[in-house]
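Peer 1: I'd like to ask some things about the structure below.
In my numbering, the protein residues as written are 2 to 436.
Next up, the structure:
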């Protein structure tokens, strides 16, 4: 840790040790200082210090923490997901559940991360608990609750399939009534859902392992909307039964991949060009935060599972698979380069196991590279970090809050605090917009 950052961290911990009043910190610009210090500590890979900062803040100044938790506990959730310490992750998720509207825009990336870690029961409970409060909130745009629907939908559909497979007779009407509570209208329930039901029944009770054989697929694949979704249910069941991967993850992989095929209308052969994959991935990348590139990693690392499935059912030939793998490898390299400092944040792709068409040595080597990024020394920065509050103002503010006599570098503190509060409000709005 560089000396400036270390000194700032110590000053913050010193201040928190004096049990400052929530009101004083909220009125001043301490929140921005705290969040930007946290981000710098993360960049320097001082994760224990970050967790200490978050824990102490929540304990010493709970009212202040209640206003700032989305920007503090978001990292703690991600950290404990990586460590597979779910009880600790749940502890930091609780503020998001208790006050859904305050941190909803920062909660959604965490929910997606939970889904990609194959924790579909956790994702469902969070979505279920938060759906109505978000739908009823007047602090969020209309329809914000739609962000929670997919996790609930695929969890409930998967539960229905498993019950069928186990010889039970679950009620489809009861399932659709439950799904309608998540905003599905009568038209979709009447026109789309019966086909879902039939596919699941065929797969669960008729020992039919795939919706179409090679000949049938060639003949019917141009009816893209229905046939591709039919085949999805076969893929989802394959992934659940062969890999213990949730319907939710399979859906993300499958329907993102459909966008790749759609560009050149090549779903009959499942072949694609490198440019089609690159442009699809580009659209999923976060414009400001590469650490939120989860869907890109899901697509690129998940697509080999699709080719495992297609090869098993002879729906794609060896040449199409070979060329597709070459394109996948090329885009993997691009994503790994873009996220080389933070690859550990995407280790969920290796939790899914090794696709058969990926060599074991390659898989193990790549997995190790991802894990090494967790503790590898950060790359030396050539440009200074963008700060909402200048470092001199940060130190001045901390000095004043601690009761030090250090004079501010800039003009009167009250004027700077007012300016910084305005900057902070703008920064918070931008964070919400970006995320």
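Even glycine gets a Cβ: it sits at the ideal position worked out from N, Cα and C.
Which value, in whole angstroms, describes the spacing of the CA atoms of residue 39 and residue 51?
Peer 2: Along the chain shown, one-based indexing puts residue 39 at 38. Along the chain shown, one-based indexing puts residue 51 at 50. Roughly 6 Å between the two C-alpha positions.
Peer 1: State yes or no: is the C-beta of residue 125 within less than 8 Å of the C-beta of residue 145?
Peer 2: Mapped onto the chain shown, residue 125 falls at position 124. Mapped onto the chain shown, residue 145 falls at position 144. No; because the gap between Cβ atoms is not below 8 Å, this pair is not in contact.
Peer 1: Classify residue 369 as buried or exposed, calling it buried when 16 or more other Cβ atoms lie within 10 Å of its own Cβ.
Peer 2: Here residue 369 refers to the residue found at position 368 when the chain shown is read from its first residue. Per the 10 Å Cβ criterion, exposed.
Peer 1: Residue 232 and residue 202 - do their beta-carbons sit closer together than 8 Å?
Peer 2: In the chain shown, counting from the first residue as 1, residue 202 sits at position 201. In the chain shown, counting from the first residue as 1, residue 232 sits at position 231. Not a contact, by the Cβ cut-off of 8 Å.
Peer 1: Hey, how far is the Cα of residue 361 from the Cα of residue 264?
Peer 2: Here residue 361 refers to the residue found at position 360 when the chain shown is read from its first residue. Here residue 264 refers to the residue found at position 263 when the chain shown is read from its first residue. Each residue's alpha carbon lies about 32 Å from the other.
Peer 1: Which of helix, strand or coil does DSSP assign to residue 120?
Peer 2: The sequence position of residue 120 within the chain shown is 119, counting from 1. In the structure shown, residue 120 sits in coil (DSSP, three-state: anything other than H, G, I, E or B).
Peer 1: Would you kindly work out how many angstroms separate the C-alpha atoms of residue 19 and residue 77, rounded to a whole number?
Peer 2: Within the chain shown, residue 19 is the residue found at index 18, counting from 1. Within the chain shown, residue 77 is the residue found at index 76, counting from 1. Rounded to whole angstroms, residue 19 to residue 77 spans 24 Å at the Cα level.
Peer 1: Got a sec? Which residues, its chain only, sit under 6 Å from residue 278 by beta carbon, not counting five neighbours each side?
Peer 2: Walking along the chain shown from the start, residue 278 turns up at place 277. The residues are 261, 328, 332.
Peer 1: Taking the CB atoms as reference points, tell me whether residue 96 and residue 70 lie closer together than 8 Å.
Peer 2: Reading the chain shown from its first residue, position 95 is the one you call residue 96. Reading the chain shown from its first residue, position 69 is the one you call residue 70. Result yes, Cβ atoms of residue 96 and residue 70 sit closer than 8 Å.
Peer 1: Which one of 79, 311, 135 has the shortest CA to CA distance from residue 270?
Peer 2: On the chain shown, residue 270 is found 269 positions in, with the first residue counted as 1. Of the candidates 79, 311, 135, the one whose C-alpha sits nearest the C-alpha of residue 270 is 311.
Peer 1: When we look at the beta-carbon of residue 188 and count the other beta-carbons within 10 Å, is it buried (16 or more) or exposed?
Peer 2: Against the chain shown, residue 188 aligns to sequence position 187. When all chains shown are included, residue 188 counts as exposed.
Peer 1: Below 8 Å on the Cβ atoms is my contact criterion, and I expect residue 248 with residue 115 to pass it. Report the Cβ-Cβ distance as a whole number of Å.
Peer 2: Looking up residue 248 in the chain shown gives position 247. Looking up residue 115 in the chain shown gives position 114. Contact doesn't hold; Cβ gap of about 15 Å is too wide.
Peer 1: Just mark residue 5 as buried or exposed, buried being the case when its beta carbon has 16 or more other beta carbons within 10 Å.
Peer 2: In the chain shown, residue 5 corresponds to position 4, counting from 1. Exposed, by the Cβ-count rule.
Peer 1: When the Cβ atoms of the stretch 249-257 are set against those of the stretch 303-318, are three or more pairs found closer than 8 Å?
Peer 2: Yes, since at least three Cβ pairs between the stretch 249-257 and the stretch 303-318 fall closer than 8 Å, the two stretches touch.
Peer 1: Once the 5 residues before and after residue 457 are set aside, which same chain residues still bring their CB inside 6 Å of it?
Peer 2: Here the chain has residues from 2 to 436 only, and residue 457 is not among them.
Peer 1: Where in the stretch 107-185 do unbroken runs of the alpha helix (DSSP H), each at least 4 residues long, occur, reported from the N-terminal end onward?
Peer 2: Counting only runs of 4 or more, we get 121-137, 150-166, 173-181.
Peer 1: Note the first and the last residue of the continuous alpha helix (DSSP H) segment covering residue 339.
Peer 2: Sequence index remark: in the chain shown, residue 339 carries index 338 (1-based). Residue 339 -> alpha helix (DSSP H) spans 319-339.
Peer 1: Between the C-alpha atoms of residue 162 and residue 195, what's the straight-line distance to the nearest angstrom?
Peer 2: In the chain shown, residue 162 corresponds to position 161, counting from 1. In the chain shown, residue 195 corresponds to position 194, counting from 1. Cα-Cα distance, rounded: 14 Å.
Peer 1: Would you mind working out which of 348, 349, 344, 226 sits nearest residue 266, comparing C-alpha positions?
Peer 2: Start at 1 with the first residue of the chain shown, and residue 266 comes out as number 265. Checking every option, the nearest Cα to that of residue 266 belongs to 226.
Peer 1: In the DSSP assignment, find the alpha helix (DSSP H) that holds residue 243 and state where it starts and stops.
Peer 2: By 1-based counting over the chain shown, the position of residue 243 is 242. First-last of the alpha helix (DSSP H) with residue 243: 225-244.
Peer 1: May I ask which residues mark the beginning and end of the alpha helix (DSSP H) holding residue 343?
Peer 2: The sequence position of residue 343 within the chain shown is 342, counting from 1. Segment: none, residue 343 is in no alpha helix (DSSP H) and carries neither H nor E.
Peer 1: Going by CA-CA distance only, name the one from 184, 179, 170 that's closest to residue 206.
Peer 2: Walking along the chain shown from the start, residue 206 turns up at place 205. Ranking 184, 179, 170 by Cα distance to residue 206 puts 170 first.
Peer 1: Using only the alpha-carbon positions, how far apart do residue 11 and residue 62 sit?
Peer 2: Position 10 of the chain shown, counted from the first residue, corresponds to residue 11. Position 61 of the chain shown, counted from the first residue, corresponds to residue 62. Distance between the alpha carbons of residue 11 and residue 62: 17 Å.
Peer 1: So residue 294 and residue 336 are in contact, right, with Cβ under 8 Å, and what is the actual spacing, rounded?
Peer 2: The residue you call residue 294 lines up with position 293 of the chain shown. The residue you call residue 336 lines up with position 335 of the chain shown. The Cβ separation is near 7 Å, so the contact holds.
Peer 1: Have a look at 364, 234, 60, 68 and flag the residue whose alpha-carbon is nearest the alpha-carbon of residue 36.
Peer 2: Within the chain shown, the letter at position 35 stands for residue 36. Taking only the C-alpha atoms, the option nearest residue 36 is 68.
Peer 1: Using the C-alpha atoms, what's the distance from residue 354 back to residue 367?
Peer 2: Taking the first residue of the chain shown as 1, we reach residue 367 at position 366. Taking the first residue of the chain shown as 1, we reach residue 354 at position 353. Approximately 12 Å between the Cα atoms of the pair.
Peer 1: Are residue 117 and residue 299 close, meaning C-beta to C-beta below 8 Å?
Peer 2: Position 116 of the chain shown, counting from 1, holds the residue named residue 117. Position 298 of the chain shown, counting from 1, holds the residue named residue 299. Their beta carbons are under 8 Å apart, which means residue 117 touches residue 299 by this criterion.
Peer 1: Have a look at 183, 91, 105 and flag the residue whose alpha-carbon is nearest the alpha-carbon of residue 517.
Peer 2: The first residue shown for the chain is 2 and the last is 436, placing residue 517 beyond what the model contains.
Peer 1: Let me confirm a value: residue 178 is counted as buried when at least 16 other C-beta atoms fall within 10 Å, else exposed. Which label applies?
Peer 2: What you label residue 178 is simply residue 177 of the chain shown in a count that begins at 1. The residue is exposed, with fewer than 16 neighbouring Cβ atoms inside 10 Å.
Peer 1: Is it buried or exposed for residue 30, if we count other Cβ within 10 angstroms and need 16 for buried?
Peer 2: Counting from 1 along the chain shown, the entry for residue 30 is found at position 29. So residue 30 ends up on the buried side.
Peer 1: Over what stretch of residues does the alpha helix (DSSP H) that includes residue 90 continue unbroken?
Peer 2: Stepping through the chain shown from its first residue, residue 90 is reached at position 89. Its alpha helix (DSSP H) spans residues 87-99.
Peer 1: Note down the Cα distance separating residue 410 from residue 9, rounded to an integer number of angstroms.
Peer 2: The residue you call residue 410 lines up with position 409 of the chain shown. The residue you call residue 9 lines up with position 8 of the chain shown. Summary for residue 410: the model assigns pLDDT 33, below 50, so the residue's position carries little reliability, and this model does not support an answer.
Peer 1: Considering Cα atoms alone, identify which of 322, 110, 100 is closest to residue 138.
Peer 2: Looking up residue 138 in the chain shown gives position 137. Nearest of 322, 110, 100 to residue 138, Cα basis: 100.
Peer 1: Can you tell me whether residue 280 is buried or exposed? The criterion is at least 16 other CB atoms within 10 Å of its CB, across all chains shown.
Peer 2: Here the question's residue 280 lines up with position 279 in the chain shown. Classification of residue 280: exposed, given that the 10 Å Cβ count is below 16.
Peer 1: Run the CB neighbour count on residue 365, radius 10 Å, all protein chains shown included, and call it buried at 16 or more, exposed below.
Peer 2: Here residue 365 refers to the residue found at position 364 of the chain shown. Exposed, by the Cβ-count rule.
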